[in-house]
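A.B. asks: Before anything else, here's the structure in question.
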Amino acid sequence: MSETTIKSYVRGEDRTTEQTEEREADETLSCPECSGQLITDEEHGETVCTDCGLVVEQDAVDRGPEWRAFDSAQRDSKSRVGAPTTKMMHDKGLSTNIGWQNRDAYGKALSSNQRRQMQRLRTWNERFRTRDSKERNLKQALGEIDRMASALGLPKAVRETASVIYRRALDEDLLPGRSIEGVATASLYAAARQMGNPRSLDEFAAVSRVEKMEMTRTYRYVVRELKLEVQPADPEQYVPRFVSRLELNDEVEREARSLLRGAKEAGITSGKSPVGLAAAAVYAAALLTNQKVTQSQVGDVADISEVTIRNRYKELLEVDHGELFD
DNA sequence: ATGGTTTTTACTGCGTC
DNA sequence: GACGCGGTAAAAACCAT
Numbered sequence: 051m052s053e054t055t056i057k058s059y060v061r062g063e064d065r066t067t068e069q070t071e072e073r074e075a076d077e078t079l080s081c082p083e084c085s086g087q088l089i090t091d092e093e094h095g096e097t098v099c100t101d102c103g104l105v106v107e108q109d110a111v112d113r114g115p116e117w118r119a120f121d122s123a124q125r126d127s128k129s130r131v132g133a134p135t136t137k138m139m140h141d142k143g144l145s146t147n148i149g150w151q152n153r154d155a156y157g158k159a160l161s162s163n164q165r166r167q168m169q170r171l172r173t174w175n176e177r178f179r180t181r182d183s184k185e186r187n188l189k190q191a192l193g194e195i196d197r198m199a200s201a202l203g204l205p206k207a208v209r210e211t212a213s214v215i216y217r218r219a220l221d222e223d224l225l226p227g228r229s230i231e232g233v234a235t236a237s238l239y240a241a242a243r244q245m246g247n248p249r250s251l252d253e254f255a256a257v258s259r260v261e262k263m264e265m266t267r268t269y270r271y272v273v274r275e276l277k278l279e280v281q282p283a284d285p286e287q288y289v290p291r292f293v294s295r296l297e298l299n300d301e302v303e304r305e306a307r308s309l310l311r312g313a314k315e316a317g318i319t320s321g322k323s324p325v326g327l328a329a330a331a332v333y334a335a336a337l338l339t340n341q342k343v344t345q346s347q348v349g350d351v352a353d354i355s356e357v358t359i360r361n362r363y364k365e366l367l368e369v370d371h372g373e374l375f376d
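Counting the first sequence from 1 gives a position; this note's numbering is that position plus 50.
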């Protein structure tokens, strides 16, 4: 049986909402690696961690105009934008439609030459219009991807990968019948895993506007249609985040990683939830290094039940002891 | 749709602070 | 007595067939 790739978990409403708020509050402000404070350097367009110097975000967009105006008259003459468009219409009311009746404004039939010309106009109009609609679609999706990525503390490279995946989905006409948000979420989920920075489905569900069921459906669909190569998440990839959220030190992280390697060697990881494995490894590592964490604390940050942690960590320790006698 | 595997829920007993 | 931990049984969820 293959490694678990998709799981959904049912749990109490109160716990879920409570955690969501906590998570969003500290992840938008702190460094994903060391939890240090982030500062934004406007001039260089970078967001940098004050503790470890990690550049979390670079090439940020300066959304101001590229011109300068010193009084209102100059502003009027230099500004190139007009009244806001409406989002109520799918094309913001800006596209052109060409009637299908081959008649002119007076209702008279067109000559065959004119008809041919109109046909050509219709063709090209349609081409530009669909292209524009794809652009708009893309823009909205990229905004959504950006929003979720920053809520989850995912680096720029992941967003770029996600946008590439989304573009491909769009080009291959995978969108009809599916929501933009759903495909955007699926793209980001896949990208995060491809880039070795996975987030669990529960974490995505917390920041996405899409229900988990649609997420998994869409994700599967996109992966299959695009033939994306997404290898099962490596449990080790979850370790640093759990360790930092539990405020444990590097020693625990190293120990947890080595436990996971041992488990992988012993082949007891197949079919098990990577998140559960990582959580159990962190718990076991904390015990081994004499640091106090409870199973429920680990379970909370990892969104895993205590029973699963118990089962996994028991197996991890068995492997550890077994190796001594090998 | 079904069956096999994994995870969760719920409940219990034991030891410790 | 509350808490952390370990175990079990049954239910639910997931995935492949």
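Positions of the beta carbon are idealized from the N, C-alpha and C atoms, including for glycine.
What number of angstroms, rounded off, separates the C-alpha of residue 199 from the C-alpha of residue 351?
C.D. replies: Numbered from 1 along the first sequence, position 149 holds the residue referred to as residue 199. Numbered from 1 along the first sequence, position 301 holds the residue referred to as residue 351. Pairing residue 199 with residue 351, the inter-Cα distance amounts to about 19 Å.
A.B. asks: Starting from the C-beta of residue 363, find all residues in its chain whose C-beta is less than 6 Å away, skip the five residues before and the five after it, and write them out in chain order.
C.D. replies: If you number the first sequence from 1, residue 363 lands on position 313. Contacts found: 330, 333 and 334.
A.B. asks: Can you tell me the Cα-Cα spacing of residue 302 and residue 308, whole angstroms?
C.D. replies: Locating residue 302 in the first sequence gives position 252, counting from the first residue. Locating residue 308 in the first sequence gives position 258, counting from the first residue. The straight-line gap separating the alpha-carbon atoms of residue 302 and residue 308 is approximately 10 Å.
A.B. asks: What do you get for residue 346, buried or exposed, if any count of 16 or more other CB atoms within 10 angstroms of its CB means buried?
C.D. replies: Within the first sequence, the letter at position 296 stands for residue 346. Its Cβ having fewer than 16 others within 10 Å, residue 346 is exposed.
A.B. asks: Quick one: complete alpha helix (DSSP H) runs, 4+ long, within the segment 191 to 222?
C.D. replies: 206 to 221
A.B. asks: Report back the beta-carbon spacing between residue 385 and residue 245 to the nearest angstrom; my notes put them in contact at under 8 Å.
C.D. replies: Residue 385 lies beyond the residue range present for the chain, which begins at 51 and ends at 376; the question has no answer from this structure.
A.B. asks: Would residue 278 and residue 240 qualify as a contact pair, given that the criterion is a beta-carbon distance under 9 Å?
C.D. replies: Here residue 278 refers to the residue found at position 228 of the first sequence. Here residue 240 refers to the residue found at position 190 of the first sequence. Cβ distance < 9 Å, so residue 278 and residue 240 count as in contact.
A.B. asks: Exposed or buried, residue 223, counting other C-beta atoms within 10 Å across all chains shown (16 or more means buried)?
C.D. replies: Residue 223 sits at position 173 when you count from the first residue of the first sequence. The residue is exposed, with fewer than 16 neighbouring Cβ atoms inside 10 Å.
A.B. asks: Just how far apart, CA to CA, sit residue 226 and residue 161?
C.D. replies: Locating residue 226 in the first sequence gives position 176, where the first residue counts as 1. Locating residue 161 in the first sequence gives position 111, where the first residue counts as 1. Residue 226 and residue 161 have their C-alpha atoms roughly 38 Å apart.
A.B. asks: Taking only heavy atoms of the ligand SAH into account, decide whether any of them is closer than 8 Å to the Cβ of residue 317.
C.D. replies: In the structure on display, the ligand SAH does not appear, and there are no ligands present to speak of.
A.B. asks: In this structure, how does DSSP classify residue 413 when only helix, strand and coil are distinguished?
C.D. replies: Past the edges of the chain, shown from 51 to 376, lies residue 413, and the structure says nothing about it.
A.B. asks: With a CB to CB cut of under 7 Å and the five nearest residues on each side skipped, what residues in its chain are close to residue 318?
C.D. replies: Within the first sequence, numbered from 1, the residue matching residue 318 stands at position 268. Annotation for residue 318: 365 and 369 place their beta carbon closer than 7 Å to its own, counting only its chain and skipping 5 residues before and after.
A.B. asks: Less than 8 Å between C-beta atoms, sequence neighbours within five positions excluded: which residues of the same chain meet that for residue 171?
C.D. replies: For the purposes of this step, residue 171 is taken as residue 121 along the first sequence, with counting starting at 1. Taken in chain order, the residues that qualify are 148.
A.B. asks: Quick check on the DSSP output: the alpha helix (DSSP H) that includes residue 301 runs from which residue to which?
C.D. replies: Locating residue 301 in the first sequence gives position 251, where the first residue counts as 1. Segment 300 to 316, the alpha helix (DSSP H) holding residue 301.
A.B. asks: With C-beta atoms as the reference, is residue 310 less than 9 Å away from residue 325?
C.D. replies: Along the first sequence, read from residue 1 onward, the residue named residue 310 stands at position 260. Along the first sequence, read from residue 1 onward, the residue named residue 325 stands at position 275. No, these two residues do not count as a Cβ contact at 9 Å.
A.B. asks: Which residues in the same chain have their Cβ closer than 6 Å to the Cβ of residue 264, if we skip the five residues on either side of it in sequence?
C.D. replies: Against the first sequence, residue 264 aligns to sequence position 214. Counting only Cβ-Cβ distances below 6 Å, and skipping sequence neighbours, we find 232.
A.B. asks: In the DSSP assignment, what residue or residues form a beta bridge with residue 98?
C.D. replies: Position 48 of the first sequence, counted from the start, is the residue given in the question as residue 98. In DSSP, residue 98 forms a bridge with 89 and 105.
A.B. asks: Need the endpoints of the alpha helix (DSSP H) that residue 345 sits in, please.
C.D. replies: The residue labelled residue 345 in the question sits at position 295 within the first sequence. Unbroken alpha helix (DSSP H) run through residue 345: 345 to 352.
A.B. asks: In terms of residues, what are the limits of the alpha helix (DSSP H) holding residue 280?
C.D. replies: As a first step, residue 280 is located in the first sequence; it is residue number 230 there, counting from the start. First-last for residue 280: undefined, no H or E at that position.
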